[in-house]
Amino acid sequence: MYLTPFPLFPSETKRKKAFLHNKDWQVRNLARKKKVIVDVDTGIDDALSILYLLKQDVELLGITAVFGNVSAERAAENTLKILELAGAPEDIPVFQGAEQPLFRPWQGPAVRFHGKNGLGNVELPESARSVQPGHPADFIVQKAEEYPEELTLLFLGPLTNLALALAKDVRLPEKVKEVVIMGGAIRVPGNVTPVSEGNIAGDPEAAHMVFSAGFPLTMVGLDVTMKAVFTERHLKLLEEKFRKDAGGQKIARVAKELLEFRFDAYAGYWEERGCPLHDPLAVAVALDPSLAEKVPMQVQIETKGTLSLGATVADLRIGRGAEPNVLVCVKADYERFFNRFIDALAK
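Residue numbers for the sequence shown follow this note's numbering, so the first one is 470 and each next one is one higher.
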């Protein structure tokens with residue numbers, strides 16, 4: 470097994486220090502270009518997130534792939550295809566990571582919401598790019614050492630690769646600037662069980678390790694992402710804004726097909742046809758924290774329950790809650806997010 474013994478429950482002092490570090494970050498060094506590693510299980514909303522992220526003024530150090538919406542191998546392949554579609558710089562490395570949860574079998578791909586190939590059955594040309602040798606855990610540890618307190622880790626799938634990195638370097642939480650995850654559900658239902666969200670439930674033990682380690686952690690969960698509903702009205706605006714050259718029209722066609730597949734998958738969820746932009750909202754909040762209102766909470770991950778496995782359990786008791794270990798997004802400025810998302814993809 471990849472894991473080595475390390476403390477799952479750091480001292481309250483360490484937790485508080487990491488949490489305050491996350492809070493302080495929001496008012497310091499806002500002008501500095503972010504150094505970002507993004508971890509994806511590239512289905513549709515991951516693909517849209519990559520397209521969005523590529524248009525931002527960040528230093529994208531690399532992309533790591535994990536099982537989830539699709540297998541890790543497929544996630545890496547899809548990522549390479551999206552980079553090729555976008556004409557992204559060829560020096561952005563892609564690493565293939567964990568194919569299974571730490572202690573459980575993978576439950577298989579999310580075909581209903583992402584199609585058989587993870588990209589809504591849209592066929593993209595094979596990429597001339599290649600997956601890099603090595604494991605994401607080693608890459609994350611290396612970059613955290615190379616850029617102490619500068620690294621933003623953005624996780625859009627199960628947290629297995631981060632847990633494996635943590636097992637390799639127990640001081641990792643002190644070395645990164647922040648970790649932003651798309652995952653969890655506090656005051657809303659889950660999306661894979663009545664109480665559990667898919668990325669956390671995909672590997673509850675990995676999530677438990679990450680939430681318990683003292684990372685400066687921000688959680689962009691279903692409380693906000695299920696309200697980030699991109700509708701046909703937004704899609705029409707996106708189509709109108711896309712640049713008219715061949716490259717722009719190619720991206721426009723693919724983006725439209727991806728979104729329309731998701732519209733069909735979510736048919737009947739809302740009065741207006743649309744789909745939630747889970748992962749793109751998490752990316753947007755990571756790049757601009759002012760897009761979301763956050764509340765510090767103590768959140769633990771259920772790893773034993775039969776009905777509640779993978780639940781993100783927040784201590785909401787007034788005056789009795791434990792020391793917070795995560796900033797939980799509770800509200801977001803959706804129209805400002807949609808405008809930024811549309812403008813970025815249409816560039």
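The C-beta atom is built at its ideal place from N, Cα and C for all residues, glycine as well.
For residue i, which three-state DSSP category applies?
{"i": "F450", "result": "Not covered by the structure: residue 450. The range shown for the chain is 470 to 816."}
{"i": "V689", "result": "strand"}
{"i": "D672", "result": "coil"}
{"i": "V496", "result": "Caution applies to V496, whose pLDDT of 46 falls short of 50 and renders its modelled position unreliable; the value that the coordinates give is listed next. Coil, per DSSP."}
{"i": "F684", "result": "coil"}
{"i": "E647", "result": "strand"}
Please report how far the alpha carbon of residue i lies from the alpha carbon of residue j, in whole angstroms.
{"i": "I669", "j": "F684", "result": "16 Å"}
{"i": "A676", "j": "P745", "result": "23 Å"}
{"i": "G603", "j": "T533", "result": "11 Å"}
{"i": "E614", "j": "K644", "result": "7 Å"}
{"i": "E647", "j": "R722", "result": "34 Å"}
{"i": "I513", "j": "L728", "result": "8 Å"}
{"i": "L520", "j": "G717", "result": "12 Å"}
{"i": "D714", "j": "K816", "result": "11 Å"}
{"i": "A545", "j": "D672", "result": "19 Å"}
{"i": "D757", "j": "Y616", "result": "20 Å"}
Considering only their Cβ atoms, is the gap separating residue j from residue i smaller than 8 Å?
{"i": "K503", "j": "V527", "result": "yes"}
{"i": "A697", "j": "R581", "result": "no"}
{"i": "Q569", "j": "V600", "result": "no"}
{"i": "A632", "j": "L571", "result": "yes"}
{"i": "I506", "j": "L641", "result": "no"}
{"i": "G653", "j": "G690", "result": "yes"}
{"i": "G743", "j": "E701", "result": "yes"}
{"i": "A755", "j": "L814", "result": "no"}
{"i": "I561", "j": "H703", "result": "no"}
{"i": "P793", "j": "Q769", "result": "no"}
{"i": "V679", "j": "S518", "result": "no"}
With DSSP as the reference, identify every bridge partner of residue i, one or two as the case may be.
{"i": "P745", "result": "V698"}
{"i": "D714", "result": "Answer by DSSP bridge pairing: none, since D714 is not bridged."}
{"i": "K504", "result": "E528 and L620"}
{"i": "Q601", "result": "F564"}
{"i": "V509", "result": "A534"}
Taking 7 Å as the line, does the beta carbon of residue i fall inside it for any heavy atom of the ligand FAD?
{"i": "A780", "result": "Ligands are entirely absent from the displayed structure, and the ligand FAD is therefore not among its contents."}
Runs of 4 residues minimum, wholly inside the region 511-582: which ones carry the alpha helix (DSSP H) assignment?
If we require 4 residues or more, the alpha helix (DSSP H) runs fully inside the region 511-582 come out as 513-523 and 541-555.
What are the complete alpha helix (DSSP H) segments, minimum 4 residues, inside the region 744-809?
Those alpha helix (DSSP H) runs which fall completely within the region 744-809 and span 4+ residues are 747-756.
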